[in-house]
Amino acid sequence: MKVNSTTEIIKSLLECLSKEISNGEDEDTMITDITELFNLSKEFDVRKEISNKHNEFLNILMNYIIKSTTANGDNNEKLFKFNLTSIRFLRNLCANVSENQNIIISNSNFINFIINQLINENNNIKITLNKKNILTSLYQLLINGIVLNDKTQSLLWSNIYPNNLIILIEKYKDNDEFKLLPTNLMLIYNCILNSKDRMKDLVCNKRLVQLIIELIKEDDTFDHEYNTQNFHWIHLISKSLFINDLFIDLYKSLSDNKYSTELVKSTTESTTESTTTESTDSTTDSTTTTTTGKTNKNQVKLLNLLDSIIHDGDKKNIKEYIEKDSIIDLKTCYFMIDELASLYNLDFARKDLKVETQQLTTSLNQSDFDAIFFFIKIFANITSYTEEMLSLSLSIFKPNQIPTKQQEGEEDPVNQILNDPFSKDSAIDPSASKKFDLNTLLRKKGLVAICIGSLHGNYGSDTNKSSSSSSSSSSSTTTDGETVTSKGFNKNIESQDKGFKIELIRILGNLSYKNRGNQDEIRELGGIEIILNHCRFDVNNPYIKEWSVFAIRNLCEDNVENQNLIESLKVKGVANNDELKDLGLEVGVTENGTIKFKNVPKKEKENNQ
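Now the structure itself:
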């Protein structure tokens, strides 16, 4: 019965639409007919029947919407109501019926009309509520028209990417009166879903990805619900890109400058090259006063997204080992270590400056420090194996056994890739994940040396606070032959949330768990002593003691050399402290090893001659 009534309603509506000039009675009939069709379209059988029998009617209806909207806007209230209901009717028809999706989205005139209406905000519509209703319904129609339909996704993408998408986001990002941006982001998500080609299109357009990431607000107190909706869709878009191994491309696309994998030249080299035309003084000044850094806020936001997906979503597995519950692959892990090393080398370029100049300058900006912090947080999570990763590691790779001579000394294809500083963008040896477990590969890549160098160097993340202490640096050679150089940032030793040192120690503890090669390298690079130094309560960092004890426990498990080293560490006395003596104090060590202060005559200051 419903099918017959649907056919009769469509026949009645077609008679009215065919008239060149409609009167008030025709308009009332049209509104009644389209309203009935709209209500009937909520049922799947009706939507399916229309797709099978009334294709031509749909095209006639779409053409009428274009013509009447362009001519009348909302000046004719009845025609506006008819058009709005028609759009909602077409929107319903697309739900779970691919045939209707194909008919509507393949009508290029109608799609161009919709895009034009969205971009120009229906300027011929004067009533605000009418404008909001029509714009929202048009967006919903586009989204329903492409859900789970690769053909219509591709058709629509060719019409909106990239210029129209950029225009739409730029139009609403600062003044989104009708809260349309979340729907816009939903449209992008549905377009790229299940298509790596369209994902690559998105990532390759620098302006478009910048606009999307910029929509993440650092302070969303003004309109929390609206910003939460935006973040929800950006989170889903980013997650899809990460899963499809596009993090590296996305991170590079967000870069302010052309991406470079070259190591930064040292200050000495820069000065030598410039002395042919300039004096040494002017050269030194030019190399120490200009600082732009390498990372920007959008890249930090991206790292924050990745960190939240790995941590909160429990996506800690690495694809080459276990694809289930993974979000990144081994190449992404290598890339992040390369980025860390690049930032450390960028700061290390100051190594030949005067000490007092080093304390007041840095080649890094605040975003660089924030990026380092998030890289470290991410590694702290992925080095903490899931049960599946741990079982795989111990059963196949057996990292808890003492490395053989071949593993310690002979160069293999994996090492050749890992030790080549110019191979950051080269393909990862597919056999790497078949020869070593993840934490062993991360050590071979230099993660252990970076973490220990950071602890030695008092790296922090607050560029607004300078330190009065001298900068410390370390140059370490891993047991696999790779030299990693790192330098302290000369900043507050704790990160802004007091977690930086904890994450570094947590990484070392994770890497050393049942992994003899990693345990040995941490000992050889002086990591045990510095971790022991944090096995005490710190009022400013209350959990660092627990993580340090955890790391020492893992370092000593089945490792006699590490146990002997700790046992051999005894108090040998207290270093002379002239400043304390100037104050009339002296520090000593009692027979039972405790520290004791005692008063002594103040040291007389020499008179100036």
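Residue 37 is where the sequence shown starts when you use the numbering used here, and the numbers rise one by one after that.
By construction, the Cβ of each residue, glycine as well, lies at the ideal position given by its N, Cα and C atoms.
Compute the Euclidean distance between the alpha carbons of isoleucine 538 and histidine 570, then round it to the nearest angstrom.
Locating residue 538 in the sequence shown gives position 502, where the first residue counts as 1. Locating residue 570 in the sequence shown gives position 534, where the first residue counts as 1. Taking the straight line from one Cα to the other gives about 10 Å.
Apart from the five residues on each side of it in sequence, which residues of its chain come closer than 7 Å, Cβ to Cβ, to glutamate 51?
Translated into positions along the sequence shown, residue 51 becomes position 15. Answer for glutamate 51: no residue qualifies.
Could you check which residue in Ile543, Tyr357, Ile488, Ile432 has the C-alpha nearest to that of lysine 413?
The sequence position of residue 413 within the sequence shown is 377, counting from 1. Measuring from the Cα of lysine 413, the nearest candidate turns out to be Ile543.
Can you check the region 109-154 for any alpha helix (DSSP H) of at least 4 residues that lies completely inside it and give the ranges in chain order?
113-129, 134-141
Is it buried or exposed for aspartate 255, if we count other Cβ within 10 angstroms and need 16 for buried?
On the sequence shown, position 219 is the one that residue 255 refers to. Exposed, because fewer than 16 other Cβ atoms sit within 10 Å of the Cβ of aspartate 255.
Going by C-alpha distance, which of Met98, Leu115, Arg234 is nearest asparagine 59?
Indexing the sequence shown from 1 puts residue 59 at position 23. Minimum Cα distance to asparagine 59 is reached at Leu115.
Going by Cα to Cα distance, which pick from Thr368, Ile488, Asn595 is closest to isoleucine 438?
For this step, residue 438 is matched to residue 402 along the sequence shown. It is Asn595.
Whole-angstrom Cβ separation of serine 403 and glutamine 335, contact assumed at under 8 Å?
By 1-based counting over the sequence shown, the position of residue 403 is 367. By 1-based counting over the sequence shown, the position of residue 335 is 299. Confirmed, Cβ separation roughly 7 Å.
Inspect the CB distances between the region 241-252 and the region 263-274 and report whether three or more fall short of 8 Å.
yes
Since I believe phenylalanine 278 is in contact with leucine 342 (beta carbons under 8 Å), could you give me their beta-carbon distance rounded to a whole number of angstroms?
Numbered from 1 along the sequence shown, position 306 holds the residue referred to as residue 342. Numbered from 1 along the sequence shown, position 242 holds the residue referred to as residue 278. Between phenylalanine 278 and leucine 342 the Cβ distance is about 6 Å, and since that is below 8 Å, they are a contact.
Exposure label - isoleucine 46; buried when at least 16 CB within 10 Å
As a working mapping, residue 46 is identified with position 10 in the sequence shown. So isoleucine 46 ends up on the buried side.
Contact set for cysteine 592: own chain, Cβ-Cβ below 6 Å, skip 5 residues either direction:
Position 556 of the sequence shown holds residue 592. Only Asn598, Gln599 meet the Cβ criterion.
Under 8 Å, do leucine 491 and isoleucine 580 count as touching if we go by C-beta distance?
The residue labelled residue 491 in the question sits at position 455 within the sequence shown. The residue labelled residue 580 in the question sits at position 544 within the sequence shown. The answer is no: Cβ separation not under 8 Å.
Where do the ends of the beta strand (DSSP E) carrying isoleucine 363 lie?
Stepping through the sequence shown from its first residue, residue 363 is reached at position 327. Its beta strand (DSSP E) spans residues 362-364.
If isoleucine 432 sits next to lysine 352, beta carbons under 8 Å apart, how far is it from one beta carbon to the other, in whole angstroms?
As a first step, residue 432 must be located in the sequence shown, where it is residue number 396. As a first step, residue 352 must be located in the sequence shown, where it is residue number 316. The Cβ separation is near 18 Å, so there is no contact.
Can you name the residues that DSSP bridges to lysine 352?
For the purposes of this step, residue 352 is identified with residue 316 of the sequence shown, where counting begins at 1. Bridge partners of lysine 352: Ser362.
Assuming isoleucine 196 and isoleucine 151 form a contact by the criterion Cβ under 8 Å, report the distance between their Cβ atoms to the nearest whole angstrom.
Position 160 of the sequence shown, counted from the first residue, corresponds to residue 196. Position 115 of the sequence shown, counted from the first residue, corresponds to residue 151. Yes, isoleucine 196 and isoleucine 151 are in contact; Cβ-Cβ is about 6 Å, under 8 Å.
By Cβ distance, which residues of its chain are closer than 6 Å to threonine 316, with the 5 residues on each side in sequence left out?
The count along the sequence shown starts at 1 and reaches residue 316 at position 280. In this prediction, threonine 316 scores a pLDDT of 40, lower than 50, which makes its location untrustworthy; the coordinate-derived value is nonetheless stated afterwards. Within the same chain, threonine 316 has no close Cβ partners at all.
Is leucine 177 closer than 8 Å to arginine 127 when the C-beta atoms are compared?
Along the sequence shown, read from residue 1 onward, the residue named residue 127 stands at position 91. Along the sequence shown, read from residue 1 onward, the residue named residue 177 stands at position 141. Cβ distance < 8 Å, so arginine 127 and leucine 177 count as in contact.
What's the call for serine 54, buried or exposed, on a 16-neighbour Cβ count within 10 Å?
The residue given as residue 54 occupies position 18 in the sequence shown. That one is exposed.
Determine which residues share a DSSP beta bridge with aspartate 634 and list them.
One-based indexing of the sequence shown puts residue 634 at position 598. Aspartate is not the amino acid found at residue 634; the sequence shown has lysine there. Answer is Glu622, bridged to lysine 634.
How is glycine 563 classed by DSSP in three states: helix, strand or coil?
For the purposes of this step, residue 563 is identified with residue 527 of the sequence shown, where counting begins at 1. If DSSP states are grouped into helix, strand and coil, glycine 563 belongs with the helices.
Do leucine 204 and leucine 154 count as a contact pair if the criterion is CB distance below 8 Å?
Within the sequence shown, the letter at position 118 stands for residue 154. Within the sequence shown, the letter at position 168 stands for residue 204. Yes, they are a contact pair.
Which same chain residues end up closer than 6 Å to asparagine 136 when comparing Cβ atoms and leaving out the 5 residues on each side of it in sequence?
Residue numbering aside, residue 136 sits at position 100 when the sequence shown is read from its first letter. Once the five neighbours on either side are set aside, the close Cβ partners of asparagine 136 are Ser87, Leu129, Cys130.
Identify whether glutamine 437 lies in helix, strand or coil by the three-state DSSP scheme.
As a position in the sequence shown, residue 437 is number 401, starting the count at 1. Here glutamine 437 sits in coil by DSSP.
Hey, lysine 401 and threonine 328 are a contact pair by Cβ (cut 8 Å); roughly how many whole angstroms apart?
Reading the sequence shown from its first residue, position 365 is the one you call residue 401. Reading the sequence shown from its first residue, position 292 is the one you call residue 328. One point to set straight first is that residue 401 is asparagine, not lysine, in the sequence displayed. Rounded, the Cβ-Cβ distance is 7 Å, consistent with contact.
Can you have a look at glutamine 189 and say buried or exposed, based on whether 16 or more other CB atoms are within 10 angstroms of its CB?
The sequence position of residue 189 within the sequence shown is 153, counting from 1. Buried, because 16 or more other Cβ atoms sit within 10 Å of the Cβ of glutamine 189.
Of the listed residues Leu478, Cys487, Asn169, Leu477, nearest to aspartate 110 (C-alpha basis)
As a working note, residue 110 is residue 74 in the sequence shown. Among Leu478, Cys487, Asn169, Leu477, the Cα nearest to that of aspartate 110 belongs to Asn169.
Backbone secondary structure at leucine 73 - three-state DSSP
As a first step, residue 73 must be located in the sequence shown, where it is residue number 37. DSSP places leucine 73 in helix when its eight states are reduced to three.
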